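Quick note: my numbering has the sequence shown finishing at residue 167, numbered continuously throughout. To start, the structure under review is shown below, and the notes come after it.
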Amino acid sequence: ALLVDAVGEAIDGPCGELCEPPVATCPGPQVVTVNNSVRLAGAGSHPSGMPVTCEWSVVGRPTGSSETPRPANSCTTTFIPDIVGDYLLELLVTDENGRTAVCATPIEAQPYGGLWVETYWDLPGDIDLHLLHPSGGDPNLSSSWMSRPWDCYYSNMT
10 ALLVDAVGEA IDGPCGELCE PPVATCPGPQ VVTVNNSVRL AGAGSHPSGM
60 PVTCEWSVVG RPTGSSETPR PANSCTTTFI PDIVGDYLLE LLVTDENGRT
110 AVCATPIEAQ PYGGLWVETY WDLPGDIDLH LLHPSGGDPN LSSSWMSRPW
160 DCYYSNMT
(Lines of atoms letter the chains of each structure in order from A and count residues from 1; the text may use other names and numbers.)
(Lines give C-alpha, C1' and ligand atoms only; values in the text may rest on other atoms or scores of the structure.)
Protein backbone atom coordinates (compact mmCIF):
# COMPACT_ATOMS: atom_id res chain seq x y z
CA ALA A 1 0.00 0.00 0.00
CA LEU A 2 1.15 3.52 -0.73
CA LEU A 3 0.36 6.36 1.68
CA VAL A 4 0.18 9.82 0.11
CA ASP A 5 -0.36 13.08 1.95
CA ALA A 6 -3.00 15.06 0.08
CA VAL A 7 -3.07 18.83 -0.22
CA GLY A 8 -6.55 20.23 -0.57
CA GLU A 9 -9.30 17.66 -0.93
CA ALA A 10 -8.74 13.91 -1.12
CA ILE A 11 -10.84 10.80 -1.23
CA ASP A 12 -9.89 7.95 1.06
CA GLY A 13 -11.20 4.88 -0.68
CA PRO A 14 -10.30 1.94 -2.86
CA CYS A 15 -9.18 2.63 -6.42
CA GLY A 16 -11.60 0.04 -7.79
CA GLU A 17 -11.22 -1.58 -11.19
CA LEU A 18 -8.11 0.44 -12.07
CA CYS A 19 -6.14 -1.41 -9.37
CA GLU A 20 -7.23 -4.84 -10.56
CA PRO A 21 -4.96 -6.97 -12.79
CA PRO A 22 -5.86 -7.87 -16.37
CA VAL A 23 -7.58 -11.13 -17.28
CA ALA A 24 -6.05 -13.80 -19.55
CA THR A 25 -8.25 -16.44 -21.21
CA CYS A 26 -6.77 -19.43 -23.06
CA PRO A 27 -8.38 -22.12 -25.21
CA GLY A 28 -8.64 -25.62 -23.77
CA PRO A 29 -6.29 -28.51 -24.53
CA GLN A 30 -5.58 -29.10 -28.23
CA VAL A 31 -4.67 -32.26 -30.17
CA VAL A 32 -3.07 -31.90 -33.61
CA THR A 33 -1.11 -34.03 -36.06
CA VAL A 34 2.58 -33.07 -36.07
CA ASN A 35 3.59 -30.44 -38.67
CA ASN A 36 0.00 -29.18 -38.94
CA SER A 37 -1.12 -25.82 -37.61
CA VAL A 38 -3.37 -25.24 -34.65
CA ARG A 39 -5.08 -21.86 -34.14
CA LEU A 40 -5.09 -20.57 -30.57
CA ALA A 41 -7.72 -17.89 -29.96
CA GLY A 42 -6.83 -16.45 -26.57
CA ALA A 43 -8.19 -13.26 -25.06
CA GLY A 44 -6.96 -10.45 -22.87
CA SER A 45 -9.02 -7.82 -21.10
CA HIS A 46 -9.06 -5.46 -18.15
CA PRO A 47 -12.05 -4.90 -15.82
CA SER A 48 -11.82 -1.12 -16.40
CA GLY A 49 -11.55 -1.44 -20.17
CA MET A 50 -7.89 -0.37 -20.06
CA PRO A 51 -5.94 -1.53 -23.16
CA VAL A 52 -3.89 -4.70 -22.81
CA THR A 53 -1.26 -6.50 -24.87
CA CYS A 54 -0.92 -10.24 -25.44
CA GLU A 55 2.17 -12.38 -25.97
CA TRP A 56 2.35 -16.15 -26.57
CA SER A 57 5.42 -18.24 -25.73
CA VAL A 58 6.33 -21.93 -25.57
CA VAL A 59 7.12 -22.91 -21.96
CA GLY A 60 7.20 -26.69 -22.45
CA ARG A 61 8.20 -28.73 -25.51
CA PRO A 62 9.78 -32.03 -26.61
CA THR A 63 13.57 -32.06 -26.80
CA GLY A 64 14.70 -30.88 -30.22
CA SER A 65 11.66 -28.72 -30.97
CA SER A 66 12.29 -25.12 -31.99
CA GLU A 67 8.92 -23.89 -33.29
CA THR A 68 7.39 -20.66 -31.94
CA PRO A 69 3.86 -19.18 -32.09
CA ARG A 70 3.23 -16.86 -35.04
CA PRO A 71 2.50 -14.09 -34.47
CA ALA A 72 3.69 -14.15 -30.86
CA ASN A 73 2.41 -10.65 -30.00
CA SER A 74 -1.31 -11.18 -30.59
CA CYS A 75 -4.10 -12.70 -28.51
CA THR A 76 -4.79 -15.07 -31.41
CA THR A 77 -1.87 -17.03 -32.83
CA THR A 78 -0.98 -20.11 -34.87
CA PHE A 79 1.40 -22.85 -33.78
CA ILE A 80 2.85 -25.73 -35.82
CA PRO A 81 4.41 -28.41 -33.60
CA ASP A 82 7.54 -29.72 -35.31
CA ILE A 83 8.11 -32.88 -33.22
CA VAL A 84 5.66 -35.44 -31.82
CA GLY A 85 4.99 -34.87 -28.12
CA ASP A 86 3.50 -32.53 -25.54
CA TYR A 87 3.78 -28.75 -25.68
CA LEU A 88 2.65 -26.05 -23.26
CA LEU A 89 1.97 -22.58 -24.65
CA GLU A 90 1.53 -19.63 -22.32
CA LEU A 91 -0.40 -16.42 -22.95
CA LEU A 92 0.88 -13.36 -21.06
CA VAL A 93 -1.53 -10.41 -20.86
CA THR A 94 -0.10 -7.05 -19.72
CA ASP A 95 -2.01 -3.85 -18.93
CA GLU A 96 -0.77 -0.23 -19.30
CA ASN A 97 0.45 -0.25 -15.68
CA GLY A 98 2.62 -3.35 -16.18
CA ARG A 99 0.35 -5.73 -14.27
CA THR A 100 0.11 -9.18 -15.81
CA ALA A 101 -2.08 -12.25 -16.02
CA VAL A 102 -1.09 -15.64 -17.42
CA CYS A 103 -2.89 -18.73 -18.71
CA ALA A 104 -1.68 -21.78 -20.61
CA THR A 105 -2.88 -24.21 -23.28
CA PRO A 106 -1.51 -27.76 -23.54
CA ILE A 107 -1.03 -29.14 -27.05
CA GLU A 108 -0.51 -32.80 -27.90
CA ALA A 109 1.20 -33.36 -31.26
CA GLN A 110 0.45 -36.85 -32.55
CA PRO A 111 2.21 -38.73 -35.38
CA TYR A 112 0.65 -39.57 -38.70
CA GLY A 113 -0.62 -43.16 -39.01
CA GLY A 114 1.80 -45.92 -39.99
CA LEU A 115 5.54 -45.80 -39.44
CA TRP A 116 6.75 -42.50 -38.03
CA VAL A 117 10.43 -41.81 -37.42
CA GLU A 118 11.78 -38.53 -36.06
CA THR A 119 15.43 -37.60 -35.88
CA TYR A 120 17.17 -34.37 -34.98
CA TRP A 121 20.79 -33.40 -34.41
CA ASP A 122 22.75 -30.26 -33.74
CA LEU A 123 26.13 -31.22 -35.21
CA PRO A 124 27.46 -30.55 -38.73
CA GLY A 125 26.80 -33.23 -41.32
CA ASP A 126 23.84 -35.43 -41.96
CA ILE A 127 22.30 -38.61 -40.67
CA ASP A 128 21.09 -41.67 -42.58
CA LEU A 129 18.32 -43.98 -41.51
CA HIS A 130 18.42 -47.60 -42.69
CA LEU A 131 15.56 -50.09 -42.31
CA LEU A 132 16.39 -53.77 -42.59
CA HIS A 133 13.89 -56.12 -44.21
CA PRO A 134 13.28 -59.32 -42.15
CA SER A 135 14.87 -61.32 -45.01
CA GLY A 136 17.95 -59.10 -44.97
CA GLY A 137 19.91 -61.25 -42.57
CA ASP A 138 21.20 -60.95 -39.03
CA PRO A 139 20.70 -57.34 -37.83
CA ASN A 140 23.78 -57.74 -35.62
CA LEU A 141 26.05 -58.15 -38.67
CA SER A 142 27.07 -54.97 -40.48
CA SER A 143 27.10 -56.85 -43.80
CA SER A 144 23.32 -57.37 -43.50
CA TRP A 145 22.72 -53.62 -43.43
CA MET A 146 24.39 -52.93 -46.75
CA SER A 147 22.98 -55.77 -48.84
CA ARG A 148 20.55 -54.92 -51.63
CA PRO A 149 17.66 -55.34 -52.03
CA TRP A 150 17.02 -55.77 -48.28
CA ASP A 151 18.55 -52.52 -47.01
CA CYS A 152 16.00 -49.72 -47.33
CA TYR A 153 17.50 -46.19 -47.24
CA TYR A 154 17.43 -42.92 -49.21
CA SER A 155 19.08 -44.47 -52.31
CA ASN A 156 17.09 -47.74 -52.22
CA MET A 157 13.55 -46.91 -51.11
CA THR A 158 11.84 -50.09 -52.30
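Positions of the beta carbon are idealized from the N, C-alpha and C atoms, including for glycine. Quick caveat, the model's predicted, so the values are computed rather than measured.
Limits of the alpha helix (DSSP H) - the one that Ser144 falls within
The residue labelled residue 144 in the question sits at position 135 within the sequence shown. Element bounds for Ser144: n/a, residue is neither H nor E.
Is the Cβ-Cβ distance between Asp104 and Met59 less than 8 angstroms?
Here residue 104 corresponds to residue number 95 of the sequence shown, with the count starting at 1. Here residue 59 corresponds to residue number 50 of the sequence shown, with the count starting at 1. Result yes, Cβ atoms of Asp104 and Met59 sit closer than 8 angstroms.
Taking only runs that begin and end inside the region 52-83, name each unbroken beta strand (DSSP E) of 3 or more residues, in chain order.
52-54, 61-69
Give me the Cα-Cα distance between Val68 and Ser151, rounded to the nearest whole angstrom.
Within the sequence shown, numbered from 1, the residue matching residue 68 stands at position 59. Within the sequence shown, numbered from 1, the residue matching residue 151 stands at position 142. Val68 and Ser151: Cα-Cα distance of roughly 42 angstroms.
I'd like the ranges of any beta strand (DSSP E) spanning at least 3 consecutive residues and lying wholly in the region 79-109.
85-88, 94-104
Who pairs with Arg48 in a beta bridge, going by DSSP?
Within the sequence shown, numbered from 1, the residue matching residue 48 stands at position 39. Answer is Thr87.
Between Trp154 and Leu141, how many whole angstroms is the CB-CB distance? I'm expecting something under 8 angstroms.
Along the sequence shown, read from residue 1 onward, the residue named residue 154 stands at position 145. Along the sequence shown, read from residue 1 onward, the residue named residue 141 stands at position 132. Between Leu141 and Trp154 the Cβ distance is about 6 angstroms, and since that is below 8 angstroms, they are a contact.
Rounded C-beta distance between Thr86 and Pro78? I'm assuming under 8 angstroms.
Along the sequence shown, read from residue 1 onward, the residue named residue 86 stands at position 77. Along the sequence shown, read from residue 1 onward, the residue named residue 78 stands at position 69. Yes, Thr86 and Pro78 are in contact; Cβ-Cβ is about 4 angstroms, under 8 angstroms.
Whole-angstrom Cβ separation of Pro90 and Pro38, contact assumed at under 8 angstroms?
Locating residue 90 in the sequence shown gives position 81, where the first residue counts as 1. Locating residue 38 in the sequence shown gives position 29, where the first residue counts as 1. Actually they are not in contact, since the Cβ atoms of Pro90 and Pro38 sit about 13 angstroms apart, beyond 8 angstroms.
Under the assumption that Glu64 contacts Asp95 (Cβ atoms under 8 angstroms), give the Cβ distance between them as a whole number of angstroms.
Here the question's residue 64 lines up with position 55 in the sequence shown. Here the question's residue 95 lines up with position 86 in the sequence shown. Contact doesn't hold; Cβ gap of about 21 angstroms is too wide.
CB of Phe88 within 8 angstroms of CB of Leu98, strictly:
By one-based count along the sequence shown, residue 88 stands at place 79. By one-based count along the sequence shown, residue 98 stands at place 89. Yes, the pair counts as a contact, with Cβ atoms nearer than the cut-off.
Taking 8 angstroms as the threshold (beta carbon to beta carbon), is Ile89 in contact with chain D?
Although the question refers to chain D, the structure presented lacks it and comprises just one protein chain.
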